[in-house]
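Taken in order, these protein sequences are the chains called A and B.
Counted the way my numbering counts, the first sequence spans residues 5 to 294.
Counted the way my numbering counts, the second sequence spans residues 52 to 229.
Comments concern the structure below.
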Amino acid sequence: MSYQRYFFYSFGLFVMLAKSVLAHQPVMDMAPRWQDGYGFQIRQEYRSSDELFSGDSNVDNPLGLDKSVSTIWLEGIYTFKREVRLSFKIPYVDKKRTVLRNGTPIQESGSGLGDIIIGMPLKSYTNQESSTSNIAFTPSIRLPTGSTNGNYSPGDGSIDVGASFSASFEKANLYQYYDLFYWKNGEGDNGIKQGDEIGFDVNVGWHPYHDNLTNEGVFLMWDVSARVEERGQDTAGITGGKRLSTGPVIVYYQGGMMIRAEYKYPLYEDVYDTQLSFGQEFNIGIGFVF
Amino acid sequence: MKFLSSLFIVTIFSAGLSHAAETAPLELKDNQAVIQVKGVVCSFCAYGTEKNLSKLSFLDKSQYGGDGVLLDINTHRITLALDNSKTVDYPAINNAIIKGGYDPVVYFARVHGSVSRVNGKTLLTCPKSGQVYEIKGENLVGLSQSSAVYVEGEITVESVTTLTEGQPVTLVVSHIEG
């Protein structure tokens, strides 16, 4: 296969597979900022791994342990006025993993509706001559709407509460977004207790193309995500650790429609005990605002 | 540190590009209103503003892709194609932009009409719509009664927000032709 063809197929695969890093901002941070505006987004998130870590070291995986998680998110948002929004995110989860049970590798899977997240972004906007910016506080709650049956269930049965502080700054050709968030995870069913999580996301983007007449354009962004999750427990063992991921984001928009594709690669991981890597993440979504 | 340095460079570079665009001269055409708006830097973000504006009944919807509204994210200006047979509801424009999440700074208009003097005020009446503007400015000296002229000028946001029904719109004239 020629280099050009390889690049073409790789890029196509990327566009087809690529998660919104804006974990607390369904659709986008950008919209809808208008009174009585609403929107929804469907996005597919996929991650998989067969890399085993002990602490921050990659170790052999002779028993072929692995996992993959595919999630389709339905996200919606309503803007009461530019300062107050209400959002929801409902996942449909399809998960598979190979884990050790009494020293033997066993395949487990689970699928179904997951746990719904409801948030209320509260924003303060500053419009300048040639820029706009906002700071936001978003309280969130994750409710146990997902099933907890089976060994690898789509829900964990816990009620979790979160909060995020974010800031964004935008000019015609530059976009910057910073989000610091914390999830206080409750105790779930089947002995599951995810550790509390703190995270920080940075999105820096360039706006290389825009057509005023058709309202069509492209954003190219780069994302850096840091996560620290306390030691926890799920049905397969210990959870929690630290990781730093990064990767590109491409956004195409036309009028009130936006397509976003994203890839993230874990640059650094440090897990409690021995765990599978969080894995590479691909995400693609389409959103509409009205 | 390298990442922060790169971010700084990108920010400075972008600031320079935007500044060049902001100083773009304004060329007013007949049957247009141009609004300088703070914060309009992304059309996806301003989709609701455009949607609100496109519902206004006095726009010429054959222009600008079929809604009579053109958003320029580089100059931060919104241009409205006006139907010259209808009166322009400036407070409705203001309201549509504010509800859309942005802040209007000033309105620019080019208006055609005939001059009249009433109670010491200089008025300009548009022939088709019957809309009346009170025109102000030093360059009105010598303007004769009943002359038909094109005037260009600015309408302040303050004058729009305090405008009551039937009151003439205040236009500070910068240029007169005809």
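Each residue gets a CB set at the ideal place from its N, CA and C atoms; glycine is no exception.
- Please decide whether A/GLN48 counts as near chain B, where near means a Cβ-Cβ distance under 8 angstroms. Here residue 48 of chain A refers to the residue found at position 44 of the first sequence. Contact of A/GLN48 with chain B is not assigned, every C-beta pair being separated by 8 angstroms or more.
- Message: Quick check on this structure: which residue in A/PRO95, A/TYR213, A/LYS71, A/GLY159 has the alpha carbon closest to the alpha carbon of A/ASN194?
- Response: The residue given as residue 194 of chain A occupies position 190 in the first sequence. Its Cα nearest to that of A/ASN194, the residue A/GLY159 stands out among A/PRO95, A/TYR213, A/LYS71, A/GLY159.
- Would you mind reading off the limits of the alpha helix (DSSP H) that contains B/SER105? In the second sequence, counting from the first residue as 1, residue 105 of chain B sits at position 54. For B/SER105, the enclosing alpha helix (DSSP H) covers residues 98-105.
- Message: Can you tell me where the alpha helix (DSSP H) holding B/SER210 begins and where it ends?
- Response: Sequence index remark: in the second sequence, residue 210 of chain B carries index 159 (1-based). DSSP places B/SER210 in the uninterrupted alpha helix (DSSP H) bounded by 208-212.
- Message: Can you list, in chain order, the residues of its chain with a C-beta nearer than 6 angstroms to that of A/ARG231? Leave out the 5 residues immediately preceding and following it.
- Response: Here residue 231 of chain A corresponds to residue number 227 of the first sequence, with the count starting at 1. Within its own chain, the residues whose Cβ lies closer than 6 angstroms to the Cβ of A/ARG231, once the five positions on either side in sequence are excluded, are GLY203, ARG247, listed in chain order.
- From A/THR102 to A/GLY166, what does the alpha carbon distance come to, in whole angstroms? One-based indexing of the first sequence puts residue 102 of chain A at position 98. One-based indexing of the first sequence puts residue 166 of chain A at position 162. If you take the alpha carbons of A/THR102 and A/GLY166, they lie about 30 angstroms apart.
- Query: Under the three-state reduction of DSSP, which class applies to A/VAL25: helix, strand or coil?
  - Reply: Counting from one through the first sequence, the residue named residue 25 of chain A turns up at place 21. The predicted position of A/VAL25 is uncertain, since its pLDDT is 37 and thus under 50; a value taken from the coordinates is nonetheless stated next. Here A/VAL25 carries a coil assignment [DSSP, helix/strand/coil].
- DSSP state of B/LEU191 mapped onto helix, strand, coil: The sequence position of residue 191 of chain B within the second sequence is 140, counting from 1. Secondary structure of B/LEU191 (DSSP, three-state): helix.
- Item | Sequence-distant residues of its chain with Cβ nearer than 7 angstroms to B/HIS163 (five each side left out) | Counted from its first residue, the second sequence places residue 163 of chain B at position 112. Listed in chain order, the non-local C-beta contacts of B/HIS163 below 7 angstroms within the same chain comprise ASP81, CYS177, TYR201, local neighbours out to five positions each way being set aside.
- Taking buried to mean at least 16 other C-beta atoms within 10 Å of its own C-beta, is A/GLN279 buried or exposed? To locate residue 279 of chain A, count along the first sequence from 1; it is residue 275. Buried.
- Buried or exposed: where does B/THR221 fall if 16 or more other Cβ atoms within 10 Å of its Cβ makes it buried? Looking up residue 221 of chain B in the second sequence gives position 170. B/THR221 sits buried, since 16 or more C-beta atoms from the chains shown fall within 10 Å of its C-beta.
- Message: Please tell me whether B/GLU73 has its Cβ less than 8 angstroms away from any Cβ of chain A.
- Response: Taking the first residue of the second sequence as 1, we reach residue 73 of chain B at position 22. Low per-residue confidence applies at B/GLU73: pLDDT is 46, beneath 50, and the placement is therefore not dependable enough to give any value.
- Minimum Cβ-Cβ distance from A/ASN207 to chain B less than 8 angstroms: Position 203 of the first sequence, counting from 1, holds the residue named residue 207 of chain A. Interface residue (Cβ-Cβ distance to chain B less than 8 angstroms): A/ASN207 is not classified as such.
- Message: Does the CB of A/MET225 have a neighbour CB from chain B at under 8 angstroms?
- Response: Taking the first residue of the first sequence as position 1, residue 225 of chain A is located at position 221. Interface annotation, A/MET225: not in contact with chain B, CB-CB separation never under 8 angstroms.
- Query: Can you list the beta strand (DSSP E) stretches of 3 or more residues lying completely in the segment 187-261 of chain A, in chain order?
  - Reply: With a minimum length of 3 residues, the continuous beta strand (DSSP E) runs that stay inside the segment 187-261 of chain A are 201-215, 220-238, 241-258.
- Pull up the distance between the alpha-carbon of A/ASN62 and that of B/GLU101, whole angstroms please. As a position in the first sequence, residue 62 of chain A is number 58, starting the count at 1. As a position in the second sequence, residue 101 of chain B is number 50, starting the count at 1. Distance between the alpha carbons of A/ASN62 and B/GLU101: 53 angstroms.
- Which whole-angstrom value describes the C-beta separation of B/ILE206 and B/ALA160, a residue pair presumed to lie in contact below a C-beta threshold of 8 angstroms? For the purposes of this step, residue 206 of chain B is identified with residue 155 of the second sequence, where counting begins at 1. For the purposes of this step, residue 160 of chain B is identified with residue 109 of the second sequence, where counting begins at 1. Rounded to whole angstroms, the Cβ separation of B/ILE206 and B/ALA160 is 6 angstroms, and the two are in contact under 8 angstroms.
- Message: Can you tell me where the beta strand (DSSP E) holding A/ASN131 begins and where it ends?
- Response: Locating residue 131 of chain A in the first sequence gives position 127, counting from the first residue. From DSSP, the beta strand (DSSP E) with A/ASN131 extends over 126-131.
- Message: Which same chain residues end up closer than 6 angstroms to A/LEU26 when comparing Cβ atoms and leaving out the 5 residues on each side of it in sequence?
- Response: Within the first sequence, numbered from 1, the residue matching residue 26 of chain A stands at position 22. Summary for A/LEU26: the model assigns pLDDT 45, below 50, so the residue's position carries little reliability; its value from the coordinates is reported in the next sentence. The beta carbon of A/LEU26 is closer than 6 angstroms to those of ASP33 in its chain, skipping five residues each way along the sequence.
- Query: So, A/PRO143 versus A/ILE163, is the Cβ gap smaller than 8 angstroms?
  - Reply: Position 139 of the first sequence, counting from 1, holds the residue named residue 143 of chain A. Position 159 of the first sequence, counting from 1, holds the residue named residue 163 of chain A. Result no, Cβ atoms of A/PRO143 and A/ILE163 do not sit closer than 8 angstroms.
- Task: Quick one: grab the DSSP three-state call for B/TYR115.
- Result: Sequence index remark: in the second sequence, residue 115 of chain B carries index 64 (1-based). When secondary structure is reduced to three states using DSSP, B/TYR115 falls in the helix class.
- Message: Measuring only the C-alpha atoms, how far is B/THR138 from A/GLY41?
- Response: What you label residue 138 of chain B is simply residue 87 of the second sequence in a count that begins at 1. What you label residue 41 of chain A is simply residue 37 of the first sequence in a count that begins at 1. Cα-Cα distance, rounded: 28 angstroms.
- Message: Which residues of the segment 207-225 of chain B have a Cβ closer than 8 angstroms to any Cβ of chain A? Give them in chain order.
- Response: If the cut-off is 8 angstroms between Cβ atoms, the segment 207-225 of chain B has nothing near chain A.
- Query: chain A beta carbons: is any one of them nearer than 8 angstroms to that of B/LEU122?
  - Reply: Stepping through the second sequence from its first residue, residue 122 of chain B is reached at position 71. Taking Cβ atoms only, chain A reaches closer than 8 angstroms to B/LEU122, which makes this a yes.
- State yes or no: is the C-beta of B/TYR158 within less than 8 angstroms of the C-beta of B/ILE86? What you label residue 158 of chain B is simply residue 107 of the second sequence in a count that begins at 1. What you label residue 86 of chain B is simply residue 35 of the second sequence in a count that begins at 1. The Cβ atoms of B/TYR158 and B/ILE86 sit closer than 8 angstroms to each other.
- Item | Own chain, CB closer than 7 angstroms to A/TYR213, minus 5 neighbours either side, in chain order | On the first sequence, residue 213 of chain A is found 209 positions in, with the first residue counted as 1. Cβ contact annotation for A/TYR213 (same chain, cutoff 7 angstroms, sequence separation greater than five): GLY221, VAL222, in chain order.
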